[in-house]
Each structure stands twice: as C-alpha cells, then as structure tokens.
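Asker:
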Amino acid sequence: MTSVDRDTNKHYLIQVNQCLGKAMQPRPKSIANEIADQRSLLWQNMTQTHHVDEVAIKRLQNRISALLKNEDIDSITRAMFNHELSYLYTYQGKMDDAMRHFDRTQGVLPENAMHLSKGHLLWMSGDLLRSREALEAIDLGQGDDQLFRTLVGCCTSVGMISQAGECLKRTSIKGRLEDHFIEASVKIITDLGVDDWEVTARLQTASNIIRKATSHPFMAYDIFADGDEGIFFQFIVDGSAQELVALDHKVVEALVDNHSGELDSMLSIGIKPFEPSEFDVSYGPYHASV
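What follows is the structure, encoded as structure tokens:
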C-alpha cells in the first residue's frame, strides 16, 4: 500500500439530530431542542480542534440528568434527552453508557432516525461493523433529500460504497469533488466484482488499531478515488507527526497480516493529520425538531 497526499474535501460526520418526521410543524424552541443545539455546538467545537471537551460534556450531562428527574415530561422529550446523552457518552468513549441511554429511545423516535443515529454513534466509537448493520437497517423508501445527503457521508465512512453511490443518485446536490470520488469508488468496486463488505472489514481492522492509540472519537475521514490509482481512505487523527507516522505503519501491518485479496491492489487505508483549516461540513446533519 502506498501513501497518497491529496488535497481533497473531508466528510465530517456531524451529529445526526433527532428526527420526528415531516409531520412535525415549526414551533417555538423546546427545552429538548435547546439541549440538542447545545450538544451540536459542543460537537462542532470538538471537530474544529479534535479535542474532547470533558468539562463542557459533563456540564451538559448533568443538566440533562436533572431534567430527566422530572416525571411529568412527555415520552418524546424524555427519549430526546436520552438520545443527547448517548452522544455525550460516545464523545467520552463510554459506549456501555451511550448504548444504555440510546436503548431508551426505542419505540418512541422514528426508526430511520434512530438507525442513522446508532450508525453514527458506533462509527465514532470505531465499531464500523455494527455501524454498518445499523445503516443497512434504514428504509430508503422512507427517505428524503436530507437523509440521502447525510447517508452519502455515513455510508462511505463504513465502506458501504454501493449504498453511498445509490444515495448520491437520489440527492438534489450534484457535481462536488467528493461526489466524483464516491462515484469512482463505486466503479472500482463494481469492476473488481467484490462486495463492499470487504471494504468495511479492512476499515474495521484499521479502526481497531487507531482507536487504541487515540483519545478522541472518530470525527472525520478523507477519501480519494481514481480508476487507475484506486481508492485511498484516510482516517483523520490528531497527534504529532512522529505518532501518526508510527500509527500509520501499524495500520498497514495489520492490514497486510489480516487481509489478502484482489481488493487490496486497489484499496489503501491510512492516517491523515487533523488540520483545523480543512474543516468542512459538506453533508451536514439530519435535522428535525419538536
């Protein structure tokens, strides 16, 4: 595998805000929306530094926990509070707590939105295989343009190249550089005749190495694809040049030790240093409110 330095756009996976469907009408901001906005701002600040703000996270966790003590709040608001807590715990890497709160949203918030959120939570934690399972459960027949645009980035992040290409076809925004790379990736996978699950398996191997060595959740990735050069996927990681070079070598070694197939001639996976100036929010979140 070779390292390719490309000036490509980044797919920053912004939090998937709770979705309550098109039936919800605009109304004054609720306490749940206020909490979601605070968590969204916290996340945006984190993506611009790649540092976890433990103090801000703890303060918001405490506020939500206090609100949850009110037995009179309705079931949707309670579910949304738990949804926000699941994200905050994921930022801290406390996935048992994150999934415990996420499970409390089941049967209350719409299924597509919850599959999307679960997929994002698991991706941030480095569990790409389970993230893929959650994203595969989404009913595209019930999707809208915002969902499809969000899924382009989410699916690509876990190696669901074919699904990302399908969602891209359904979006209203066309012609961006990142779209070209995704389309090129789809063609490469198709021409090779391999299932894109093999991409996910290799990304998971890389993730296992990276997450052990980093203190922040996954926040971004970079993808470049060309019919001649192949697909080059990079996890965006914060750290010193020396640390990241060593980590990149470990990723390559793990991939060589664990995978061998036709795909490996056309897929490279590596590390790219986080640079604040490269912050980008091309696909954005799946918004809704109560």
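Going left to right, the sequence shown walks through residues 780 to 1069 as our numbering numbers them. Positions of the beta carbon are idealized from the N, C-alpha and C atoms, including for glycine.
Name, in chain order, the residues that DSSP records as bridge partners for Lys1051.
Answerer: In the sequence shown, counting from the first residue as 1, residue 1051 sits at position 272. The partner list for Lys1051 (beta bridge, DSSP) reads Ile1015.
Asker: If we ignore side chains and look at the alpha-carbon of each, how far apart do Pro1052 and Ser854 end up?
Answerer: Counting from 1 along the sequence shown, the entry for residue 1052 is found at position 273. Counting from 1 along the sequence shown, the entry for residue 854 is found at position 75. Pro1052 and Ser854: Cα-Cα distance of roughly 42 Å.
Asker: Suppose contacts are defined by Cβ-Cβ distances below 8 Å. Is Ile814 in contact with Glu863 by that definition?
Answerer: Locating residue 814 in the sequence shown gives position 35, where the first residue counts as 1. Locating residue 863 in the sequence shown gives position 84, where the first residue counts as 1. Closer than 8 Å, so yes.
Asker: According to the Cβ coordinates, are Tyr1000 and Ile1015 closer than 8 Å?
Answerer: The residue given as residue 1000 occupies position 221 in the sequence shown. The residue given as residue 1015 occupies position 236 in the sequence shown. Closer than 8 Å, so yes.
Asker: At the level of alpha carbons, what is the spacing between Leu907 and His894?
Answerer: Here residue 907 refers to the residue found at position 128 of the sequence shown. Here residue 894 refers to the residue found at position 115 of the sequence shown. Rounded to the nearest angstrom, the two C-alpha atoms are 14 Å apart.
Asker: Can you tell me the Cα-Cα spacing of Asn1037 and Asn824, whole angstroms?
Answerer: For this step, residue 1037 is matched to residue 258 along the sequence shown. For this step, residue 824 is matched to residue 45 along the sequence shown. Whole-angstrom Cα-Cα distance: 36 Å.
Asker: What residues match up with Tyr870 in a beta bridge as DSSP calls it?
Answerer: Taking the sequence shown and counting its residues from 1, the one referred to as residue 870 is at position 91. Partner(s): none; Tyr870 has no beta bridge.
Asker: Which class does Gly1009 belong to by DSSP, given the choice of helix, strand or coil?
Answerer: By one-based count along the sequence shown, residue 1009 stands at place 230. Strand at Gly1009.
Asker: Thinking C-beta only, is Ile988 closer than 8 Å to Phe1012?
Answerer: Along the sequence shown, one-based indexing puts residue 1012 at 233. Along the sequence shown, one-based indexing puts residue 988 at 209. No; because the gap between Cβ atoms is not below 8 Å, this pair is not in contact.
Asker: Considering only residues of the same chain and omitting the five flanking positions on each side of Asp958, which have a CB-CB separation below 7 Å?
Answerer: Translated into the one-based positions of the sequence shown, residue 958 becomes position 179. Correct list, in chain order: Leu947.
Asker: Please report the residue range of the alpha helix (DSSP H) in which Glu1022 lies.
Answerer: Locating residue 1022 in the sequence shown gives position 243, where the first residue counts as 1. 1020-1037 is the span of the alpha helix (DSSP H), which, as asked, contains Glu1022.
Asker: Answer with buried or exposed for Val834, where buried requires no fewer than 16 other C-beta atoms within 10 angstroms of its C-beta.
Answerer: Within the sequence shown, the letter at position 55 stands for residue 834. Exposed, since its Cβ has fewer than 16 Cβ neighbours within 10 Å.
Asker: When you compare each of Leu867, Val887, Leu820, Thr979 to Glu915 by their alpha carbons, which one comes out closest?
Answerer: Within the sequence shown, the letter at position 136 stands for residue 915. Per the Cα distances, Thr979.
Asker: Rounded to a whole number of angstroms, what is the C-alpha to C-alpha distance between His995 and Val1031?
Answerer: By one-based count along the sequence shown, residue 995 stands at place 216. By one-based count along the sequence shown, residue 1031 stands at place 252. The alpha-carbon atoms of His995 and Val1031 are separated by roughly 21 Å.
Asker: On the three-state DSSP scale, how would you describe Ala892?
Answerer: In the sequence shown, residue 892 corresponds to position 113, counting from 1. Ala892 falls in the helix class under three-state DSSP.
Asker: For Thr880 and Asp974, I'd like the C-alpha separation in whole angstroms.
Answerer: Here residue 880 is taken as the residue at index 101 of the sequence shown, counted from 1. Here residue 974 is taken as the residue at index 195 of the sequence shown, counted from 1. It should be noted that the sequence gives His, not Thr, for residue 880. Looking at the two C-alpha atoms, the distance is approximately 34 Å.
Asker: Could you check if His1028 is buried or exposed, using at least 16 other CB atoms within 10 Å of its CB as the buried criterion?
Answerer: What you label residue 1028 is simply residue 249 of the sequence shown in a count that begins at 1. Exposed, since its Cβ has fewer than 16 Cβ neighbours within 10 Å.
Asker: Put Ala802 into one of helix, strand or coil per three-state DSSP.
Answerer: In the sequence shown, counting from the first residue as 1, residue 802 sits at position 23. The pLDDT assigned to Ala802 is 34, lower than 50, so where the model puts this residue is not dependable; a value taken from the coordinates is nonetheless given after this. Three-state result, Ala802: coil.
Asker: What three-state label does DSSP hand Ala999 in the structure shown?
Answerer: Residue numbering aside, residue 999 sits at position 220 when the sequence shown is read from its first letter. Ala999: strand per DSSP, three-state reduction.
Asker: Rounding to the nearest angstrom, what Cα-Cα distance links Gly1073 and Ile967 in this structure?
Answerer: Here the chain has residues from 780 to 1069 only, and residue 1073 is not among them.
Asker: When DSSP labels each residue in this structure, what does Ala845 get in the three-state scheme?
Answerer: As a working note, residue 845 is residue 66 in the sequence shown. If DSSP states are grouped into helix, strand and coil, Ala845 belongs with the helices.
Asker: Please classify Ala1004: does DSSP put it in a helix, a strand, or coil?
Answerer: Position 225 of the sequence shown, counted from the start, is the residue given in the question as residue 1004. Looking at Ala1004 - three-state DSSP - the assignment turns out to be strand.
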